[in-house]
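Chemist: Structure incoming, see below.
Number of protein chains: 2
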Amino acid sequence: MSLPHPPIKLALVDDHTLFRKGMISLIDMVSTQHAILFEADNGFDMQQKIDKANLPDIILMDVNMPTMDGFAAVQWLKQHHPEIKVLVVSMVDREETVVQMIKLGVKGYLNKDIEPKVLGQALEAIANKGFYYTDFVTGILVHSLQWDETKSQLSASDLSEREKEFLRLSCKDITYQEISEQMNLSPKTIDGYRNVLFDKLKAKSRVGLVVIAIRTGLVVLD
Amino acid sequence: MSLPHPPIKLALVDDHTLFRKGMISLIDMVSTQHAILFEADNGFDMQQKIDKANLPDIILMDVNMPTMDGFAAVQWLKQHHPEIKVLVVSMVDREETVVQMIKLGVKGYLNKDIEPKVLGQALEAIANKGFYYTDFVTGILVHSLQWDETKSQLSASDLSEREKEFLRLSCKDITYQEISEQMNLSPKTIDGYRNVLFDKLKAKSRVGLVVIAIRTGLVVLD
DNA sequence: TTAAAATACAGGGTTTTTCCTGTTGACCAG
DNA sequence: CTGGTCAACAGGAAAAACCCTGTATTTTAA
Numbered sequence: 001m002s003l004p005h006p007p008i009k010l011a012l013v014d015d016h017t018l019f020r021k022g023m024i025s026l027i028d029m030v031s032t033q034h035a036i037l038f039e040a041d042n043g044f045d046m047q048q049k050i051d052k053a054n055l056p057d058i059i060l061m062d063v064n065m066p067t068m069d070g071f072a073a074v075q076w077l078k079q080h081h082p083e084i085k086v087l088v089v090s091m092v093d094r095e096e097t098v099v100q101m102i103k104l105g106v107k108g109y110l111n112k113d114i115e116p117k118v119l120g121q122a123l124e125a126i127a128n129k130g131f132y133y134t135d136f137v138t139g140i141l142v143h144s145l146q147w148d149e150t151k152s153q154l155s156a157s158d159l160s161e162r163e164k165e166f167l168r169l170s171c172k173d174i175t176y177q178e179i180s181e182q183m184n185l186s187p188k189t190i191d192g193y194r195n196v197l198f199d200k201l202k203a204k205s206r207v208g209l210v211v212i213a214i215r216t217g218l219v220v221l222d
Numbered sequence: 223m224s225l226p227h228p229p230i231k232l233a234l235v236d237d238h239t240l241f242r243k244g245m246i247s248l249i250d251m252v253s254t255q256h257a258i259l260f261e262a263d264n265g266f267d268m269q270q271k272i273d274k275a276n277l278p279d280i281i282l283m284d285v286n287m288p289t290m291d292g293f294a295a296v297q298w299l300k301q302h303h304p305e306i307k308v309l310v311v312s313m314v315d316r317e318e319t320v321v322q323m324i325k326l327g328v329k330g331y332l333n334k335d336i337e338p339k340v341l342g343q344a345l346e347a348i349a350n351k352g353f354y355y356t357d358f359v360t361g362i363l364v365h366s367l368q369w370d371e372t373k374s375q376l377s378a379s380d381l382s383e384r385e386k387e388f389l390r391l392s393c394k395d396i397t398y399q400e401i402s403e404q405m406n407l408s409p410k411t412i413d414g415y416r417n418v419l420f421d422k423l424k425a426k427s428r429v430g431l432v433v434i435a436i437r438t439g440l441v442v443l444d
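From first to last, the protein sequence lines stand for chains Z and C. Residues 1 to 222 (the working numbering) are what the first sequence spells out, left to right. Residues 223 to 444 (the working numbering) are what the second sequence spells out, left to right.
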């Protein structure tokens with residue numbers, strides 16, 4: 001369980017001093033092949049302490065911090081030092097938070113209540129493979145992809161086949177005139193479909209129709 | 223590595239007889255606690271052979287099959303027997319295929335060139351935890367979430383802060399008049415923003431703007 | 001410092017979208 | 001057989017979206 005030969009350069013960004021110190025002592029226990037370059041209280045502090053001539057390989061990042069939180073800090077890193085890998089270590093495990101962080105490109109997301117050896121595994125995996133995602137994170141990712149039919153008040157079955165076809169075409173960069181041609185219907189009939197869908201989806205305009213259709217998964221963009 | 227006590231009821235859907243037989247002998251090797259209820263050549267065949275009084279716990283499903291492929295078969299199962307867990311075992315590992323299958327709710331996705339013992343682990347995990355996702359699948363999921371700046375010809379940096387704001391508001395169910403008010407600009411200025419974005423995003427209408435913005439990740443729906 | 005972008009705005013016209021009311025024929029149930 | 005619902009369609013008109021040309025100011029880069 002020892003880390004690879006070139007010492008891994010680490011940095012910690014977390015507003016709780018005690019937690020940072022605890023982390024460091026844990027890392028010391030699971031590995032000798034590492035160096036802590038700096039500790040920071042928040043994203044802003046990190047910006048000040050980061051040394052362009054000696055960048056860390058991995059930054060352990062908290063999410064909730066004053067002044068400049070984890071999201072802003074990761075975004076800044078992505079912009080200015082994209083080669084630095086971020087491992088989030090946070091107490092929050094809300095689906096939205098995890099997904100958002102993954103979207104921002106973090107290489108791992110650990111809950112603060114994990115076993116110390118998992119931390120070692122994560123650091124090792126990120127240093128070698130480039131990422132470390134637990135079953136917990138994967139589960140959230142999978143769940144976030146699946147469109148919960150129950151979560152959406154309107155089920156796809158509330159729409160007729162023809163209405164779904166109209167909705168699909170409404171999400172393309174074409175006029176109703178062209179939609180009527182592709183559906184072999186009069187533009188006036190299209191007028192009717194639009195009106196019933198405005199009512200069913202509670203939209204006020206075609207743009208509303210489009211965003212609701214996409215958000216609820218009724219229409220999938222190609 | 224033995225499977226849990228109540229024997230797991232399995233079924234296989236794959237158009238290659240030889241592969242099915244091979245799978246079965248492999249499963250026999252890694253476990254004694256299971257029963258193969260039936261084998262099917264494709265989704266349609268599966269529909270015929272499935273016995274409502276004795277449903278399988280897990281179905282091993284191929285993707286590419288004649289008559290009724292894996293996608294259609296999984297969709298049918300989701301509709302008619304949502305309690306059956308599907309483990310995809312396929313040769314294709316295209317990102318889109320994997321993501322699509324996960325969206326359909328499959329509990330695992332294995333490539334056909336895996337080690338036999340991984341198959342045993344997968345079956346065990348699906349029977350117990352309900353899912354089994356390899357690093358391979360997780361990697362694809364993570365990647366599919368991250369908007370590849372290079373994949374998209376237009377980077378977010380090609381748009382000014384004000385233009386991104388306009389785009390964001392354009393994806394709401396409001397008129398340009400209302401957008402102009404929210405941005406504290408004249409409707410005529412909004413006219414200008416629309417025109418430059420039509421040009422930059424190669425859209426022909428506001429709907430085109432919306433779908434491109436969402437597809438490229440320039441705008442995230444709330 | 002000077003020219004080129006970028007930003008904000010206007011006039012005025014065309015096209016598309018949206019909304020309202022109303023008709024016709026098909027199909028289904030009492 | 002008849003009333004009720006539904007899909008398809010129309011006329012007509014107001015609102016919104018779209019398009020083109022042109023101006024003033026500010027910001028940026030050579």
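Don't be surprised by glycine CBs; every beta carbon is placed ideally from N, CA and C.
Whole angstroms is fine: what's the gap from Z:Val220's alpha carbon to C:Gly327's?
Modeler: Roughly 16 Å separates the two Cα atoms.
Chemist: Grab me the residues of Z:Ala11's own chain with a C-beta within less than 6 Å of its C-beta, minus the 5 sequence neighbours each way, in chain order.
Modeler: These residues qualify, in order along the chain: Leu37, Phe38, Pro56, Ile59.
Chemist: Nearest by alpha-carbon distance to C:Met323: which of Z:Gln121, Z:Gln146, Z:Tyr176, Z:Lys164 is it?
Modeler: Checked all of Z:Gln121, Z:Gln146, Z:Tyr176, Z:Lys164; the closest Cα to C:Met323 is Z:Gln146.
Chemist: Which chain C residues sit within Cβ distance under 9 Å of Z:Ala73?
Modeler: Under the 9 Å cutoff, chain C gives no residues; its nearest Cβ is about 18 Å from Z:Ala73.
Chemist: Would you mind reading off the limits of the beta strand (DSSP E) that contains Z:Glu181?
Modeler: Z:Glu181 -> not in any beta strand (DSSP E); alpha helix (DSSP H) instead, spanning 176 to 182.
Chemist: Could one say the Cβ of C:Thr372 lies closer than 8 Å to chain Z's Cβ atoms, at least one of them?
Modeler: With a pLDDT of 49 at C:Thr372, under the threshold of 50, the predicted position of this residue should be treated as unreliable, and no value is reported.
Chemist: Evaluate the contact criterion for the stretch 197 to 213 of chain Z versus the stretch 235 to 253 of chain C: three or more CB pairs, one atom per stretch, below 8 Å.
Modeler: Contact fails: fewer than three Cβ-Cβ distances are below 8 Å.
Chemist: If you measure from the beta carbon of Z:Lys204 to each beta carbon in chain C, is any gap under 8 Å?
Modeler: So yes, Z:Lys204 belongs to the interface.
Chemist: What does DSSP give as the partner residue(s) for C:Ala257 in the beta ladder?
Modeler: Partner(s): C:Lys231.
Chemist: Determine which residues of the stretch 357 to 368 of chain C have a Cβ less than 9 Å from any Cβ of chain Z, and write them out in chain order.
Modeler: Under the 9 Å Cβ criterion, the stretch 357 to 368 of chain C contributes Asp357, Val359, Thr360, Gly361, Leu363, Val364, Ser366, Leu367, Gln368.
Chemist: Could you tell me which whole beta strand (DSSP E) segments of length 3 or greater appear in the stretch 284 to 356 of chain C?
Modeler: If we require 3 residues or more, the beta strand (DSSP E) runs fully inside the stretch 284 to 356 of chain C come out as 307 to 312, 330 to 333.
Chemist: Taking only three categories from DSSP, how would you classify C:Leu282?
Modeler: In the structure shown, C:Leu282 sits in a strand (DSSP, three-state: E or B).
Chemist: Should C:Ala349 go down as buried or exposed, given a rule of 16 or more other Cβ atoms within 10 Å for buried?
Modeler: The residue is buried, with at least 16 neighbouring Cβ atoms inside 10 Å.
Chemist: So, helix, strand or coil for C:Ala435, using DSSP?
Modeler: Of the three classes helix, strand and coil, the one that applies to C:Ala435 here is helix, per DSSP.
Chemist: Does Z:Tyr109 have its Cβ less than 8 Å from a Cβ in chain C?
Modeler: False, the Cβ-Cβ gap to chain C never drops below 8 Å.
Chemist: Please work out which residues of its chain come closer than 7 Å, Cβ to Cβ, to Z:Val15, disregarding the five sequence neighbours upstream and downstream, and give them in chain order.
Modeler: In the sequence under discussion, the amino acid at residue 15 of chain Z is Asp, which differs from the Val named in the question. Taken in chain order, the residues that qualify are Asp41, Asn42, Asp62, Met65, Pro66.
Chemist: Quick one: grab the DSSP three-state call for C:Ala425.
Modeler: Coil.
Chemist: If you compare alpha carbons, which of Z:Lys172, Z:Asn54, Z:Leu77, Z:Asp158 is closest to Z:Lys107?
Modeler: Z:Lys107 has its Cα closest to that of Z:Leu77, out of Z:Lys172, Z:Asn54, Z:Leu77, Z:Asp158.
Chemist: Quick one: does Z:Lys236 have its CB under 8 Å from some CB of chain C?
Modeler: No information on residue 236 of chain Z is available, as it lies outside the stretch 1 to 222 that chain Z covers here.
Chemist: Just how far apart, CA to CA, sit C:Ser408 and Z:Ala203?
Modeler: Rounded to whole angstroms, C:Ser408 to Z:Ala203 spans 25 Å at the Cα level.
Chemist: Report yes or no: is there a C-beta of chain Z within less than 8 Å of the C-beta of C:Asp395?
Modeler: With 8 Å as the cut-off, C:Asp395 counts as an interface residue toward chain Z.
Chemist: With C-beta atoms as the reference, is C:Glu317 less than 8 Å away from C:Ile362?
Modeler: In this structure, C:Ile362 lies closer than 8 Å to C:Glu317 by Cβ.
Chemist: In terms of alpha-carbon separation, which member of C:Arg242, C:Thr254, C:Gln297, C:Lys334 lies closest to C:Gln269?
Modeler: Minimum Cα distance to C:Gln269 is reached at C:Gln297.
Chemist: Pick from Z:Phe131, Z:Asp135, Z:Lys129: whose alpha carbon is nearest that of C:Phe353?
Modeler: When each option's Cα is compared against that of C:Phe353, the closest is Z:Asp135.
Chemist: Give me the DSSP bridge partner(s) of C:Ala262.
Modeler: Paired residues: C:Val235.
Chemist: Give the C-beta separation of C:Val320 and C:Leu332 to the nearest angstrom, bearing in mind that I take them to be a contact with Cβ-Cβ under 8 Å.
Modeler: Contact doesn't hold; Cβ gap of about 11 Å is too wide.
Chemist: Report yes or no: is there a C-beta of chain C within less than 8 Å of the C-beta of Z:Gly105?
Modeler: Yes, its Cβ sits closer than 8 Å to a Cβ of chain C.
Chemist: Taking 8 Å as the CB-CB limit, is C:Lys231 close to chain Z?
Modeler: It does not: the Cβ of C:Lys231 has no partner Cβ on chain Z nearer than 8 Å.
Chemist: For C:Asn276, which residues from the same chain have a beta carbon less than 8 Å from its beta carbon, with the 5 sequence-adjacent residues on both sides left out?
Modeler: So the qualifying residues of the chain are Lys231, Leu259.
Chemist: Beta-carbon of Z:Arg94 versus every beta-carbon of chain C: anything under 8 Å?
Modeler: For Z:Arg94, the answer is no, since every Cβ of chain C falls outside 8 Å of its Cβ.
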